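Notes for the one structure printed next.
Protein chains in written order, with this note's numbering: chain W, 18 to 387; chain X, 7 to 579.
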């Protein structure tokens, strides 16, 4: 079989996608990636001419929510091109082959495209005993190290691969570690969230293909295009926070009016993600819009920074300073409504060491009055 | 001398599954199923706020996303004596219905279809023949000659690119594939349509739970509020979207999924309607309450056990009875303090990781010793199959009219006896028929929700016992759910307002477990015995049967912890 690599554009046209649809896709991608209008041209050019990128996608200690999220990418052309048209040569949830034939698929890529393929990882890696995660009789750690050695870059999907997620929560019985803690020498892009938003996953892939380089990352390795804004600063309920209008109990009058969920434990003020901008599942909603406080699933260690229904100033260890790089904080601050925002940040710092906090919905000092 | 074949990884499932088979004269004579990954989520839950548990256990699985969260809120409510308001029950039903439909469609097309459909053969199809067949079996509008011709070109381009991606190294051309090229082409077209369609219905989760995968749940109700005069709550626009999503789902299921299922079945029924039956015991916990979770008699899906394929008798399940549900670790990498010969009820469960398998890298597991991270659950000592086939059989044997109608009409259409259900193909067909029923129920629940709101009931939350100060010092509870993959139960012990113990007995634990203390095989292993294998190097027949169960290994493997002391009366299960 002739080994000819078709470009994105050729693939798209072959799949019956019109040039108009293709350009629309590029424009939307540019918007998500925060590019100027002139950036659209770059994306169009890249997708028209670049060959398909070989991708090996591993599953380790995970729940497959990242794969599930990935196939939810909302723009049709994303499903059509990004899902199938990167050359997704190993992906256990989707691939036809099993067993030896499956293993051969990724070994072939490693042999055929050294230095050119991307390794994508879903799940953490157990280090307490390597036998806690084995595929084809080999441990996750062995498989990952071997595959990463000749890769171009590594994408760590979701909180598991980026920060260990639920299995790394205390007491972390299997010694679960994120990708960046067990490999070295290759760039690792941490696409955070449990799972990451589908369109963010697609956006990261397109960024890699378009610019042939990894996106700018924050101090925790997260692409700034999607993780430089706090959920709080982009939340449509923010005006209620500023006005001191809070939900005091689930399904109370405030809840029925869409007031701020801060007192119910919302972690939006310390969570960097695109939920308020891109939203979930084709822009339908996001947790706060549907009445539940943000649980902070895009942050390292969020499982141990709860309980979920206790509100922020009373929780230790969820500090702004440790979760964002300086630029992120600056952007966040400038977007804050002056005195209120400052008061909240101060409040968070002041109270972060306090344990045994009262329950969600109990009386607290209104940050506006501070 | 039997030949040992190892298949690892089994792909197109959730999680890490390894199957080792022994083949003699082209027939499988023995089989071993092993879960090869462990995370320890129960250990992590200990000492946490019970109201947070839904989020932790939700992360057990992102494929059957939401189902563990639903089980968890039921478990905590059961322990604390909380009843969720009727609207919350309806919204939970709608979310579960959405999961069933989306998950079953994705399973059929994305995870299972390639076991029956030869995509390479589709390249040889005559698009006009595909069009003719498609139009003869369904009114689905995407069925023109041009449409199938375009799909074929798309695939041709893909194959000619030389980068076959997810289709690389498939079993194309294998003698066990039986569909004619035109039917393969229809299936390939619908594979792509299903992949694009599946992301729509999950928006029901996004509306009520804010996101998918992993929507939000709440002990005492649901997090969303209903206010038809407000933009920031569930209002007429949001409700209309839910209605449309379910209407569209019903159309897709009735016009694409069911006709395809029947078409595929008609080509495979003569052999695969008799292969892969496996166990003869079936269990369903039942689900979809119409009058509150505490009234199992009101469930759309009935509860019960069938033994020895005797459809004339339904046995009663009592999940709190220590004699009924027990788990063994005699072949699993854990150790019990009183020895590994005994079975423990989940309330008395204990577990300690104790890996005694070969050090990786290894070629074969030593199956004479412990060989899996999956425990072995038993009901009154019997191995049980759980999942869509069990549910359809329990519904049928219970004499439910809606079950009887879909089952009997399908058997008639395929001209097969009821015993054909006890097979790999029967399992796959049961999943489709159940999806059809679920579409109808969802629209009933939706109408009921609208009627409640119209009558002035907008409550979605019961806050009476939200405050831990209102809780007893100790409590324990059980939550039971029929997850898409089968009977799912969680057990909690609340000790001093914190989680003292939390345990899960999961569908794939029942189905994928290793042998029990009497050497009896569980569902996966038993179902493989006697299966013909054309070429042991290309074990298509093995994955066909394993996929018919829709494995979910992340669910099946977990770690239990020792429980504390507790005194609290159990509610109705």
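Every residue, glycine too, gets a C-beta built ideally from N, C-alpha and C.
Note that the structure is a prediction, hence the values are computed from the model and not measured.
Worksheet item: Do you know how far the Cα of residue 249 of chain W is from the Cα of residue 233 of chain X?
Response: Translated into positions along the second chain, residue 233 of chain X becomes position 227. Translated into positions along the first chain, residue 249 of chain W becomes position 232. Each residue's alpha carbon lies about 24 Å from the other.
Discussion item. Just checking: is the beta-carbon of residue 298 of chain W within a distance shorter than 8 Å of some beta-carbon in chain X?
Written reply: Translated into the one-based positions of the first chain, residue 298 of chain W becomes position 281. Yes - at least one Cβ of chain X is within 8 Å of the one on residue 298 of chain W.
Item to complete: Tell me whether the beta-carbon of residue 194 of chain X lies closer than 8 Å to the beta-carbon of residue 143 of chain X.
Response: Counting from 1 along the second chain, the entry for residue 194 of chain X is found at position 188. Counting from 1 along the second chain, the entry for residue 143 of chain X is found at position 137. No, Cβ-Cβ distance for residue 194 of chain X and residue 143 of chain X is not below 8 Å.
Worksheet item: Any beta-carbon of chain X closer than 8 Å to the one on residue 216 of chain W?
Response: Here residue 216 of chain W refers to the residue found at position 199 when the first chain is read from its first residue. Not an interface residue.
Discussion item. For residue 173 of chain W and residue 199 of chain W, which I take to be in contact (beta-carbon distance under 8 Å), what is that distance rounded to the nearest angstrom?
Written reply: Here residue 173 of chain W is taken as the residue at index 156 of the first chain, counted from 1. Here residue 199 of chain W is taken as the residue at index 182 of the first chain, counted from 1. With a Cβ gap of about 11 Å, residue 173 of chain W and residue 199 of chain W do not count as contacting.
Item to complete: Could you say which of W:84, W:261, W:245 lies nearest to residue 218 of chain W if we only look at CA atoms?
Response: Numbered from 1 along the first chain, position 201 holds the residue referred to as residue 218 of chain W. Ranking W:84, W:261, W:245 by Cα distance to residue 218 of chain W puts W:84 first.
Discussion item. Check for me: the beta strand (DSSP E) holding residue 251 of chain W runs from which residue to which?
Written reply: As a working mapping, residue 251 of chain W is identified with position 234 in the first chain. Looking at the DSSP string, residue 251 of chain W is not in any beta strand (DSSP E), and its letter there is neither H nor E.
Item to complete: Say whether chain W places a C-beta atom closer than 8 Å to the C-beta of residue 579 of chain X.
Response: Against the second chain, residue 579 of chain X aligns to sequence position 573. At residue 579 of chain X the pLDDT is 33, less than 50, meaning the model places this residue with poor confidence; the figure from the coordinates comes in the next sentence. Answer no: the Cβ-Cβ gap between residue 579 of chain X and chain W never drops below 8 Å.
Worksheet item: residue 77 of chain X touches chain W at which residues, Cβ-Cβ below 8 Å?
Response: Reading the second chain from its first residue, position 71 is the one you call residue 77 of chain X. Chain W residues near residue 77 of chain X: none, gap ~15 Å exceeds 8 Å.
Worksheet item: Where residue 496 of chain X and residue 55 of chain X are concerned, what is the direct C-alpha to C-alpha distance, given to the nearest angstrom?
Response: Residue mapping note: residue 496 of chain X aligns to position 490 of the second chain, counting from 1. Residue mapping note: residue 55 of chain X aligns to position 49 of the second chain, counting from 1. Those two C-alpha atoms are separated by around 16 Å.
Discussion item. I'd like the span of the beta strand (DSSP E) that includes residue 551 of chain X, first residue to last.
Written reply: To locate residue 551 of chain X, count along the second chain from 1; it is residue 545. It is not in any beta strand (DSSP E) - residue 551 of chain X instead sits in the alpha helix (DSSP H) that spans 546-554.
Worksheet item: Do the region 70-86 of chain X and the region 183-193 of chain W touch if we need at least three Cβ pairs shorter than 8 Å?
Response: no
Fill in: Cβ-Cβ distance between residue 101 of chain X and residue 78 of chain X below 8 Å
In the second chain, the residue the question calls residue 101 of chain X occupies position 95. In the second chain, the residue the question calls residue 78 of chain X occupies position 72. Against a cut-off of 8 Å, the Cβ pair of residue 78 of chain X and residue 101 of chain X comes out as no contact.
Practice prompt. Rounded to whole angstroms, what's the CA-CA distance from residue 95 of chain X to residue 265 of chain X? Just pull it up for me.
Written response: In the second chain, counting from the first residue as 1, residue 95 of chain X sits at position 89. In the second chain, counting from the first residue as 1, residue 265 of chain X sits at position 259. Rounded to the nearest angstrom, the two C-alpha atoms are 32 Å apart.
Fill in: Proximal chain X residues relative to residue 134 of chain W, where beta-carbon distance stays under 7 Å
The residue labelled residue 134 of chain W in the question sits at position 117 within the first chain. Residues of chain X passing the Cβ test: none, with the nearest at roughly 11 Å.
Discussion item. Assuming residue 400 of chain X and residue 320 of chain X are in contact, meaning their beta carbons sit under 8 Å apart, how far apart are those beta carbons, in whole angstroms?
Written reply: Sequence index remark: in the second chain, residue 400 of chain X carries index 394 (1-based). Sequence index remark: in the second chain, residue 320 of chain X carries index 314 (1-based). Contact holds; Cβ gap of about 7 Å.
Worksheet item: beta strand (DSSP E) containing residue 24 of chain X: first to last residue?
Response: Numbered from 1 along the second chain, position 18 holds the residue referred to as residue 24 of chain X. It spans 23-30 - the beta strand (DSSP E) in which residue 24 of chain X sits, taken as one unbroken run.
Worksheet entry | Residues bridged to residue 391 of chain X [DSSP beta-bridge criterion] | Numbered from 1 along the second chain, position 385 holds the residue referred to as residue 391 of chain X. Looking at the DSSP assignment, residue 391 of chain X forms a beta bridge with X:288.
Discussion item. Quick check on residue 274 of chain W - is its C-beta less than 8 Å from some C-beta in chain X?
Written reply: Numbered from its first residue, the first chain carries residue 274 of chain W at position 257. Closer than 8 Å to some Cβ of chain X, the Cβ of residue 274 of chain W qualifies, so yes.
Discussion item. Need the endpoints of the beta strand (DSSP E) that residue 293 of chain X sits in, please.
Written reply: Against the second chain, residue 293 of chain X aligns to sequence position 287. Here the beta strand (DSSP E) through residue 293 of chain X covers 293-295.
Worksheet item: Under a CB-based cut-off of 8 Å, is residue 167 of chain W close to chain X?
Response: Here residue 167 of chain W is taken as the residue at index 150 of the first chain, counted from 1. Chain X contact via Cβ: absent.
Worksheet entry | Chain-order list of residues whose beta-carbon lies under 6 Å from that of residue 42 of chain X (same chain, five-residue window excluded) | Residue 42 of chain X sits at position 36 when you count from the first residue of the second chain. Within the same chain, residue 42 of chain X has close Cβ partners 22, 24.
Item to complete: Give the secondary structure of residue 327 of chain W by DSSP, where H, G and I count as helix, E and B as strand, and everything else as coil.
Response: As a working note, residue 327 of chain W is residue 310 in the first chain. Residue state, collapsed to three classes: coil.
Item to complete: Between the Cα of residue 97 of chain X and those of X:464, X:485, X:36, spot the shortest distance and give me the residue it belongs to.
Response: The residue you call residue 97 of chain X lines up with position 91 of the second chain. Nearest of X:464, X:485, X:36 to residue 97 of chain X, Cα basis: X:464.
Worksheet item: Can you find a CB in chain W that lies within less than 8 Å of the CB of residue 20 of chain X?
Response: Indexing the second chain from 1 puts residue 20 of chain X at position 14. Yes, its Cβ sits closer than 8 Å to a Cβ of chain W.
Worksheet item: How is the alpha helix (DSSP H) around residue 117 of chain W delimited, first residue to last?
Response: In the first chain, the residue the question calls residue 117 of chain W occupies position 100. Run containing residue 117 of chain W: 116-129, per the alpha helix (DSSP H) assignment.
Practice prompt. Grab me the residues of residue 215 of chain X's own chain with a C-beta within less than 6 Å of its C-beta, minus the 5 sequence neighbours each way, in chain order.
Written response: Counting from 1 along the second chain, the entry for residue 215 of chain X is found at position 209. 221, 222.
Item to complete: Identify every run of the alpha helix (DSSP H) within the region 68-144 of chain X, keeping only runs that are complete inside it and at least 4 residues long; order them along the chain.
Response: 73-86, 92-112, 133-143
Worksheet item: In whole angstroms, what separates the C-alpha of residue 540 of chain X from that of residue 125 of chain W?
Response: Position 534 of the second chain, counting from 1, holds the residue named residue 540 of chain X. Position 108 of the first chain, counting from 1, holds the residue named residue 125 of chain W. When rounded, the distance between both Cα atoms is 26 Å.
Practice prompt. Would you be able to state if there are at least three C-beta pairs under 8 Å between the region 530-538 of chain X and the region 403-411 of chain X?
Written response: no
Discussion item. Quick check on residue 113 of chain X - is its C-beta less than 8 Å from some C-beta in chain W?
Written reply: The residue given as residue 113 of chain X occupies position 107 in the second chain. So, not an interface residue.
Practice prompt. Have a look at the DSSP bridge pairing and note the partners of residue 538 of chain X.
Written response: Taking the second chain and counting its residues from 1, the one referred to as residue 538 of chain X is at position 532. X:33, per the DSSP bridge assignment.
Discussion item. If contacts are defined as beta-carbon pairs under 8 Å, then residue 466 of chain X and residue 93 of chain X qualify, I think. What distance do you get, rounded to the angstrom?
Written reply: Your numbering for residue 466 of chain X matches position 460 in the second chain. Your numbering for residue 93 of chain X matches position 87 in the second chain. The Cβ separation is near 5 Å, so the contact holds.
Worksheet item: What first and last residue would you give for the alpha helix (DSSP H) that runs through residue 277 of chain X?
Response: Looking up residue 277 of chain X in the second chain gives position 271. Element bounds for residue 277 of chain X: 264-278.
Worksheet item: Quick one: is residue 182 of chain W near chain X, going by C-beta distance under 8 Å?
Response: For this step, residue 182 of chain W is matched to residue 165 along the first chain. So yes, residue 182 of chain W belongs to the interface.
Worksheet item: From residue 389 of chain W to residue 309 of chain W, what distance separates their C-alpha atoms?
Response: This structure gives no information on residue 389 of chain W, because the portion of chain W shown stretches from 18 to 387.
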